[in-house]
Amino acid sequence: MNTPNRFPAILAALSAALLAACGSPGGSIGSSPAVKPRLSATEACSALGGVHLPVTTVVATHNAEATATVAGTALKAHCVVDGKTSERVGVDGKSFAIGFRLRMPDEWNGRLVFVGGGGNDGNIGNAIGPLVGPTDKMAPAIQQGYAVVTTDGGHTGGAAADFGNDPQARVDHAYNAYDKTAVNAKALIAERYGRRPDRSYFIGGSGGGRQGMMFTQRFPNYFDGVIASYPAMRVASGATAAALWNHIQFTNVAPVENGSPILSKAYSNADLALLANRILEQCDALDGVADGMVNNFRACRFDPVVLQCPGAKTAQCLSAPQVTALQRLFSGPVDSAGRSLYVGQVADPGIQRPGWRAWALGSSTTATPDSRYVTLMADALRWEFFTPPDPTFNPLAFNFDTDPQRMQATSLVYDTYRDDRLKAYLARGGKLMFVHGLADPIFSAYDTIDYVERLAANHGGMAAARSFVRLFLMPGAVHGAGGRSTDVVDLLTPMVEWVEKGAAPDSLLAAAPPNHDLFPNRTRPLCAYPRFAKYRGTGNAETAASFSCETN
Ligand SMILES: [Ca+2]
Numbered sequence: 007m008n009t010p011n012r013f014p015a016i017l018a019a020l021s022a023a024l025l026a027a028c029g030s031p032g033g034s035i036g037s038s039p040a041v042k043p044r045l046s047a048t049e050a051c052s053a054l055g056g057v058h059l060p061v062t063t064v065v066a067t068h069n070a071e072a073t074a075t076v077a078g079t080a081l082k083a084h085c086v087v088d089g090k091t092s093e094r095v096g097v098d099g100k101s102f103a104i105g106f107r108l109r110m111p112d113e114w115n116g117r118l119v120f121v122g123g124g125g126n127d128g129n130i131g132n133a134i135g136p137l138v139g140p141t142d143k144m145a146p147a148i149q150q151g152y153a154v155v156t157t158d159g160g161h162t163g164g165a166a167a168d169f170g171n172d173p174q175a176r177v178d179h180a181y182n183a184y185d186k187t188a189v190n191a192k193a194l195i196a197e198r199y200g201r202r203p204d205r206s207y208f209i210g211g212s213g214g215g216r217q218g219m220m221f222t223q224r225f226p227n228y229f230d231g232v233i234a235s236y237p238a239m240r241v242a243s244g245a246t247a248a249a250l251w252n253h254i255q256f257t258n259v260a261p262v263e264n265g266s267p268i269l270s271k272a273y274s275n276a277d278l279a280l281l282a283n284r285i286l287e288q289c290d291a292l293d294g295v296a297d298g299m300v301n302n303f304r305a306c307r308f309d310p311v312v313l314q315c316p317g318a319k320t321a322q323c324l325s326a327p328q329v330t331a332l333q334r335l336f337s338g339p340v341d342s343a344g345r346s347l348y349v350g351q352v353a354d355p356g357i358q359r360p361g362w363r364a365w366a367l368g369s370s371t372t373a374t375p376d377s378r379y380v381t382l383m384a385d386a387l388r389w390e391f392f393t394p395p396d397p398t399f400n401p402l403a404f405n406f407d408t409d410p411q412r413m414q415a416t417s418l419v420y421d422t423y424r425d426d427r428l429k430a431y432l433a434r435g436g437k438l439m440f441v442h443g444l445a446d447p448i449f450s451a452y453d454t455i456d457y458v459e460r461l462a463a464n465h466g467g468m469a470a471a472r473s474f475v476r477l478f479l480m481p482g483a484v485h486g487a488g489g490r491s492t493d494v495v496d497l498l499t500p501m502v503e504w505v506e507k508g509a510a511p512d513s514l515l516a517a518a519p520p521n522h523d524l525f526p527n528r529t530r531p532l533c534a535y536p537r538f539a540k541y542r543g544t545g546n547a548e549t550a551a552s553f554s555c556e557t558n
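Using my numbering, the letters of the sequence shown correspond one by one to residues 7 to 558.
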């Protein structure tokens, strides 16, 4: 926010010019009597270096030559602001601040898009925005004139979760860093352009999806549209319990070498391909075409017992313990009384993709596993989700009766699955879009379905709720890109059309990338839940036009 006595330079110049044009006497506006020359884009950017924001310092640089290259893209001319809010020393003697980056294009379209983080955060990111435009020629949103902001979530250090030892860092990561970053971004935009954003959007995946949901619940006036992809809505409780549940099942069936289980060998790639092919054999054609994608997953009743070896394990079957572990993966974690702690995973052929293995099994051939259940989730559990932290906790020792209680304190301020009404966000007309891959190995699509159904039930049912929430499930997709799926899709433009023109998306046009190993350039509609993409029975099965959105 501006200090009261500092009139923004651009506003001063414009207002003075306007008054002069109307014949009003000059010298009546605050302490800026003179008509100031119009600032160039470079000057307007530089002026931001002197802006006063609460407990925030900024450095502003203008890339006037349009030669700034970020992530391989030469960006159009813009002003980039790197800022730090609430610099302080934490309980461990470590330095903390809420870092953020805001890029403001010279040719602004009046919109702000906040891009969420992910993992344990700790990186600021590029702040060039999501890819938008037709699937064959997408470009970062900043190229279309969006102002884009990102934050590190209140700590640095990349994936490491040990910031969680600092109580304020936990609060910053839960919600405060996003609040402060959004407020600062809007204030800086007002300084740079002379007005606040006409519309503001949020887009994020995984932890970024959680951050978007945090805005809908805790800061419901900040954004007009929120896009939450494969959101971590129950991460400080159920989903992390599920990760360790799966980790324990898989460790139990891993071959023992030199006295230690080798997690990555619990299932060979051939085992996972066998599983995927059996799922396809049973369920692929339920959507009208055997194309390697199971769109009608709700009609798919798959039990891995059909793959169980009658005798010794061979390449054509799975051992009984391997089958049992998969059944537990698909049914989800329970405590000793059988009470569910999280939903299970969808039986989807995307399970044979490297993106599934990376989370569940890893590739380490030593006694030290490198699966993300361990490297990311167990680390977050030890330092951030347990209260107090338990830095030496062994994930194989997770107690499903007592350890979930140690996660409750963080979950209550960090998780976003509980508020299934979104009263204030919906009252201001906010729109909400979810995307979730059916083969997601960490946040189950079933959990997002559960949330959307609860939200809908509180607002007159799914048909009525379609006015403000849409869920697009992505068959074959893992956690992020790289599934056996059509995962190249512009999410932001349909959200903008929805918010600004009232055109709610019934489906999104998605494509597989040109270098996809199974179906390059294939296109599909992603249908708004509960509809799925069904083959029309005629036409090229590689193209979206041959599919329609249907229900069972
Ligand atoms: Ca199919």
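The beta-carbon is built from N, C-alpha and C at its ideal position, and this holds for glycine as well.
- In the three-state DSSP reduction, L444 falls in the coil class, being neither helix nor strand.
- Residue pairing for H68: DSSP places it in a beta bridge opposite C85.
- DSSP places Y457 in no beta strand (DSSP E) but in the uninterrupted alpha helix (DSSP H) bounded by A451 to A463.
- Look at T157 here: in three-state DSSP terms it is strand.
- Around the beta carbon of N190, a 10 Å sphere encloses 16 or more other beta carbons of the protein chains shown; the residue is thus reported as buried.
- Within the same chain, Cβ atoms closer than 7 Å to the Cβ of G164 are found at G128 and N129, the five residues on either side in sequence being excluded.
- Taking the CA atoms as reference points, P310 sits about 23 Å from H442.
- In this structure, DSSP gives Y228 a state outside helix and strand, which the three-state scheme calls coil.
- A direct Cα-Cα distance of roughly 7 Å separates D496 from T141.
- Residue state for K143 is assigned as coil, using DSSP reduced to three classes.
- Sequence-distant partners of M501 (beyond 5 residues in either direction) whose C-beta falls short of 7 Å from its own C-beta, in its chain, are Y207, G231, I233, K437 and M439.
- For R530, the closest alpha carbon among the candidates K192, A247 and D493 is that of D493.
- Taking a C-beta distance under 8 Å as the contact criterion, D354 and G482 qualify as a contact pair.
- Residue nearest to S473 within the set A534, P526 and P520 is A534 (criterion: CA-CA distance).
- Residue pairing of I104 in beta bridges, as defined by DSSP: T91.
- By the neighbour-count criterion, in which a residue is buried when 16 or more other Cβ atoms sit within 10 angstroms of its Cβ, L418 is exposed.
- The DSSP assignment places 529-533, 538-541 and 553-556 as complete runs of the beta strand (DSSP E) inside the region 519-556, in order along the chain (cut-off: 3 residues).
- In the same chain as V505, and ignoring 5 residues on each side of it, the C-beta atoms closer than 7 Å to its own belong to R205, D230, G231 and K437, in chain order.
- DSSP, read as helix, strand or coil, puts P267 in strand.
- Taking a C-beta distance under 8 Å as the contact criterion, F102 and G160 qualify as a contact pair.
- The Cβ atoms of G211 and G488 do not sit closer than 8 Å to each other.
- Relative to the non-hydrogen atoms of ligand 1, the Cβ of A296 comes within a distance shorter than 7 Å of at least one.
- Annotated three-state conformation of G210 is strand, per DSSP.
- For a cut-off of 8 Å, the C-beta gap from A384 to L269 is around 12 Å, too long to register as a contact.
- Burial state of G543 is exposed, judged by a 10 Å Cβ sphere holding fewer than 16 other Cβ atoms.
- According to the DSSP assignment, M501 belongs to the alpha helix (DSSP H) that extends over L498 to K507.
- Two segments are said to touch when three or more pairs of C-beta atoms, one from each, lie closer than 8 Å; by this definition the region 458-466 does not touch the region 252-268.
- Taken in chain order, the unbroken stretches of alpha helix (DSSP H) that lie wholly in the region 267-298 and span 4 residues or more are 275-289.
- Going by C-alpha positions, A74 is about 27 Å away from L59.
- Annotation: the continuous beta strand (DSSP E) that includes F120 extends over R117 to V121.
- Excluding its 5 nearest sequence neighbours in each direction, F225 has C-beta neighbours in its own chain below 6 Å: D185, listed in chain order.
- The residue from A296, Q358, G508 and N302 with its alpha-carbon nearest to that of E548 is A296.
- Contact between D426 and Y457 is confirmed by a C-beta separation of about 6 Å, below the 8 Å threshold.
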